[in-house]
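Enquirer: Protein chains in written order, with this note's numbering: chain A, 1 to 311; chain B, 312 to 595. Even glycine gets a Cβ: it sits at the ideal position worked out from N, Cα and C.
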């Protein structure tokens, strides 16, 4: 049987399949045994209670979803009291996704959630909804370095920095996160987008703009994963539009050591367990004993047709 | 707080509640029949295994509508259960062909398969003290209330059902309600007897003559508010099945929230999880 395990810094996951933050919660335990996946990643929590954005909070566009949920959060206290004990009953490592409005608030909150039972903290420095006009820390290297450095000094736990596709400085942001002490990168969050009903003129999200996810996002976040894996030494976790085992393998070949599955779970709630089984079958079919031969295996085609030949 | 709401309070997620056996199933179901019942509505009957037929009236399934030449839905579509029959191994949906999802669904034929997820959500609860229920259904809400009528019949509760539609040809399931022993009253916009004023008089008359002491409704915000008013005046409680844009359908994404009145102010609840059936007076 192929070994699907993968290492994200000091953390060993039994397989590389885990949920993307915001597309996973306790309710999924009513669909499948949550211990079959590599890690549990919570929906982003904030220290204070937040009610979230006006409805409609989601809409579908061709092959993709737009969302502007707005990080409704029951607050840190209820999370510790109710959600943490639920996940403690599972073996899969628990990764808590957190958000805050300032770098200092991020650091303070990271310190507070650094409790026994938490395996890593994913810092959502990229959610395009939470700041005005979609601005986020992960859009610029300077703000990324500042927030990660402050979080680094506040917690001993591994820090996973969730990056944004809404930046023109992918490599610089990734390197800033690494230099500031991030233990892994997650590439990436949703892409800022919008939809309008052409008949009525109505904007289709209550928050006007929202994040694009699903298959339409994949080529963009796959490219980011490739860029980041080339540019940093810390592990990269791919995320964006994964619904098939081929998607998983593409991300691994781009250099990801693990992947997060998000919107696909909404279309088929059994997507993650299916991907674990199919990845194992694929490795067996290809005669591979582990993921090692796949990670970073992307290469140019043997016979590259040059632009001159097209001309 | 109603029992259906209590069931999902935070304590439900204590470690002792660890679920290792799935209760929500995703499976391919074969379509046994798929017929037009009038110019706008289709009835789909699926062959379904026992594991998904342990349903409650008011619960729903999340359907993966197909990709067709005309329609390419991406999300699943929530669809309230019209009927479930363990003996016959059948699950049925009565739906209005209205948009991208139902348009695609309508193109399926008997013999095709449909991927379904469910059963999902908190269904209706007929409390012991609710001995003389009134069902008020508007349009597609008839489909949602049909299994509740069957449940009332099996509990031996005398039932009155008011079915409202735009025109007489769009009234559906009145025979099903009658087969359940219900007294059926139909009202339509075309006949001019479906407005709030005439319905209020009708219902207050029924309270006086039939001793109606519970309301169940689906399909109209206007009629829901009317029942809230009548209920407040007469001290009658009840439940309402509601809709909202959904993405995941099982409680993860927080997309389908609506506000509800609580003693300490309004709270957002998920229609897919805390609902789709809610306390009538808490709905806003």
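Label residue 520 of chain B either buried or exposed according to how many other C-beta atoms from any shown protein chain fall within 10 Å of its C-beta, with 16 as the threshold for buried.
Expert: Per the 10 Å Cβ criterion, exposed.
Enquirer: Extract the residue ranges of the alpha helix (DSSP H) inside the stretch 151-225 of chain A, only unbroken runs of 4 or more that lie entirely within it.
Expert: Segments of the alpha helix (DSSP H) lying fully in the stretch 151-225 of chain A: 170-179.
Enquirer: Going by CA-CA distance only, name the one from A:126, A:114 and A:135 that's closest to residue 152 of chain A.
Expert: Residue A:114 is the option with its Cα nearest to residue 152 of chain A.
Enquirer: Beta-carbon of residue 47 of chain A versus every beta-carbon of chain B: anything under 8 Å?
Expert: No, its Cβ sits nowhere closer than 8 Å to a Cβ of chain B.
Enquirer: Apply the 10 Å Cβ neighbour rule to residue 116 of chain A and answer buried if 16 or more other Cβ atoms are within range, or exposed otherwise.
Expert: By the neighbour-count rule (16 or more Cβ atoms within 10 Å), residue 116 of chain A is not buried but exposed.
Enquirer: Please compile the residues from chain A whose C-beta is within a distance smaller than 8 Å of the C-beta of residue 555 of chain B.
Expert: Near residue 555 of chain B (Cβ distances below 8 Å), the residues of chain A are 55.
Enquirer: Report the partner residues of residue 40 of chain A according to the DSSP bridge assignment.
Expert: Paired residue(s): A:94.
Enquirer: Which residue comes first and which comes last in the alpha helix (DSSP H) that contains residue 105 of chain A?
Expert: Its alpha helix (DSSP H) spans residues 103-113.
Enquirer: Using a C-beta to C-beta distance shorter than 8 Å, which residues of chain B count as neighbours of residue 28 of chain A?
Expert: By Cβ distance, chain B contributes 561 and 563.
Enquirer: Would you tell me roughly how many angstroms separate the C-alpha atoms of residue 64 of chain A and residue 193 of chain A, rounded to the nearest one?
Expert: About 11 Å.
Enquirer: Determine the DSSP secondary structure at residue 227 of chain A, reduced to helix, strand or coil.
Expert: Helix, per DSSP.
Enquirer: Keeping to the same chain, check which residues put their C-beta closer than 6 Å to that of residue 488 of chain B; ignore five residues upstream and five downstream.
Expert: Correct list, in chain order: 460, 472 and 495.
Enquirer: Among the candidates B:583, B:434 and B:352, whose CA atom is the shortest distance from the CA of residue 567 of chain B?
Expert: Considering only alpha carbons, the answer is B:583.
Enquirer: What residue range is occupied by the uninterrupted alpha helix (DSSP H) comprising residue 252 of chain A?
Expert: Counting along the chain, the alpha helix (DSSP H) containing residue 252 of chain A begins and ends at 245-254.
Enquirer: Based on Cα-Cα distance, which residue from A:182, A:260 and A:288 lies nearest to residue 9 of chain A?
Expert: For the residues A:182, A:260 and A:288, the minimum Cα distance to residue 9 of chain A belongs to A:182.
Enquirer: Indicate the three-state DSSP secondary structure (helix, strand or coil) for residue 404 of chain B in the structure shown.
Expert: The answer is strand: DSSP assigns residue 404 of chain B an E or B state.
Enquirer: Kindly identify the DSSP beta-bridge partner or partners of residue 67 of chain A.
Expert: In the DSSP output, where bridge partners are listed per residue, residue 67 of chain A has A:58 and A:211.
Enquirer: Please determine if the stretch 72-81 of chain A and the stretch 11-23 of chain A are in contact, where contact requires at least 3 C-beta pairs separated by less than 8 Å.
Expert: The stretch 72-81 of chain A is not in contact with the stretch 11-23 of chain A.
Enquirer: List the endpoints of the continuous beta strand (DSSP E) containing residue 541 of chain B.
Expert: Unbroken run through residue 541 of chain B is the alpha helix (DSSP H), 532-545; no beta strand (DSSP E).
Enquirer: Suppose you measure from the CA of residue 102 of chain A to the CA of residue 35 of chain A; what does that come to, to the nearest Å?
Expert: Those two C-alpha atoms are separated by around 34 Å.
Enquirer: Leaving out five residues on either side along the sequence, give the residues of the same chain with a beta carbon under 6 Å from the beta carbon of residue 577 of chain B.
Expert: 570, listed in sequence order.
Enquirer: Tell me, to the nearest whole angstrom, how far the beta carbon of residue 56 of chain A is from that of residue 204 of chain A; I am working on the premise that it is less than 8 Å.
Expert: Right, their Cβ atoms sit about 6 Å apart.
Enquirer: I'd like the list of long-range same chain contacts for residue 273 of chain A, defined as Cβ closer than 6 Å, with 5 residues on each side in sequence excluded.
Expert: Contacts found: 32 and 36.
Enquirer: Residues in the stretch 377-388 of chain B with C-beta within 9 Å of chain A's C-beta atoms, listed in sequence order?
Expert: Correct list: 383, 384, 385, 386 and 387.
Enquirer: Using a Cβ cut-off of 9 Å, which residues of the stretch 242-269 of chain A contact any Cβ in chain B, in chain order?
Expert: Residues passing the 9 Å Cβ filter: 263, 265, 266, 267, 268 and 269.
Enquirer: Do we get a CB-CB distance below 8 Å when we pair residue 60 of chain A with the residues of chain B?
Expert: Interface residue, yes.
Enquirer: Any C-beta of chain B sitting closer than 8 Å to the C-beta of residue 64 of chain A?
Expert: For residue 64 of chain A, the answer is yes, since a Cβ of chain B falls inside 8 Å of its Cβ.
Enquirer: My understanding is that residue 326 of chain A touches residue 173 of chain A, with C-beta atoms under 8 Å, so please give their C-beta distance in whole angstroms.
Expert: Summary: the structure shown does not reach residue 326 of chain A, with chain A confined to residues 1 through 311, and so no result is reported for it.
Enquirer: Residue 137 of chain A CB to nearest chain B CB: under 8 Å?
Expert: Taking Cβ atoms only, chain B never reaches closer than 8 Å to residue 137 of chain A, which makes this a no.
Enquirer: According to DSSP, is residue 495 of chain B helix, strand or coil?
Expert: In the structure shown, residue 495 of chain B sits in a strand (DSSP, three-state: E or B).
Enquirer: What does DSSP give as the partner residues of residue 395 of chain B in its beta bridges?
Expert: Paired residue(s): B:402.
Enquirer: Run down chain A in chain order and give the residues with a C-beta less than 8 Å from the C-beta of residue 363 of chain B.
Expert: Within chain A, no residue comes near residue 363 of chain B; the closest Cβ sits about 12 Å away, beyond 8 Å.
Enquirer: Can you determine whether any heavy atom of the ligand FAD sits closer than 7 Å to the C-beta of residue 84 of chain A, and answer yes or no?
Expert: Absence of the ligand FAD is noted for the structure shown, with no ligands found whatsoever.
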